[in-house]
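Q: Would you mind keeping the following structure in view while I ask a few things?
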Amino acid sequence: MAKKNKDGEMPNAHLHELFVDELKDILGAEKQLLKGLKKLADGAHSDSLKEAFKTHYKQTEGQIERLKAVFSSLDMTARGKKCKAMEGLLNEADEILEEFQDSPEVLDAALIAAAQKVEHYEIATYGCLVTYAKLMEHSEAEELLAATLAEEKDTDVLLTEIAMSEANLGAAK
């Protein structure tokens, strides 16, 4: 719940406005990503990469629920907005799928690069949101957002492992 000072005003009102705007943006981004992850899983050739995309799809569903809980903790209705950054990243992934469809050994490496761009965007966003929540003493939101941040970092590490053990090696042949 948003805290107010003794005058009934919310301290850091501008930061709170930014926080809510970023929450709406990342909620929209996560919903957009669900569609993108299906395409990535369908396009991947490596079983481990397909599985990583499918696992992250399930995580993303949970992250959307967590974001709804963040909104609820602020006594707000969860509403997302179209995330232009995610739209661009997913458009780039679509281009990669088309451009490298005839070269499966390179396609997996390219899909990992595209997916890691998405992960890095999410890591940056959730990192900021955790900081904002902490500054405004929204402890429940901070905890929920930190859990998602940890998942995003874990996914990035997993993608790096697949790239280094399989995909990039195959592409280099």
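Counting in our numbering, the sequence shown runs without a single skipped number right up to 175 at its last residue. All residues carry an ideal CB built from backbone N, CA and C; glycine is no exception.
Mind checking Ala135: buried by the 16 CB within 10 Å criterion, or exposed?
A: Classification for Ala135: buried.
Q: Can you have a look at Thr79 and say buried or exposed, based on whether 16 or more other CB atoms are within 10 angstroms of its CB?
A: Thr79 is exposed by the Cβ-count criterion.
Q: Is the beta carbon of Asp27 sitting closer than 9 angstroms to the one on Lys83?
A: Against a cut-off of 9 angstroms, the Cβ pair of Lys83 and Asp27 comes out as a contact.
Q: Within the chosen definition, does the region 28-43 reach the region 52-61 through at least 3 CB pairs nearer than 8 angstroms?
A: Judged by Cβ distances under 8 angstroms, the region 28-43 makes contact with the region 52-61, as three or more pairs qualify.
Q: Is the CB-CB distance between Leu99 and Ile66 below 9 angstroms?
A: Cβ atoms of Leu99 and Ile66: not closer than 9 angstroms.
Q: Let me confirm a value: Val159 is counted as buried when at least 16 other C-beta atoms fall within 10 Å, else exposed. Which label applies?
A: The residue is exposed, with fewer than 16 neighbouring Cβ atoms inside 10 Å.
Q: Kindly give me the distance between the Cβ atoms of Glu121 and Glu154, rounded to whole angstroms, as I take these residues to be in contact under 8 angstroms.
A: Yes, they are in contact, since the Cβ atoms of Glu121 and Glu154 sit about 6 angstroms apart, within 8 angstroms.
Q: Measuring CA to CA, which of Ala54, Leu20, Val22 is closest to Leu113?
A: For the residues Ala54, Leu20, Val22, the minimum Cα distance to Leu113 belongs to Ala54.
Q: Following the continuous alpha helix (DSSP H) through Met88, name the residue where it begins and the one where it ends.
A: Looking at the DSSP string, the run of the alpha helix (DSSP H) that includes Met88 is 86-101.
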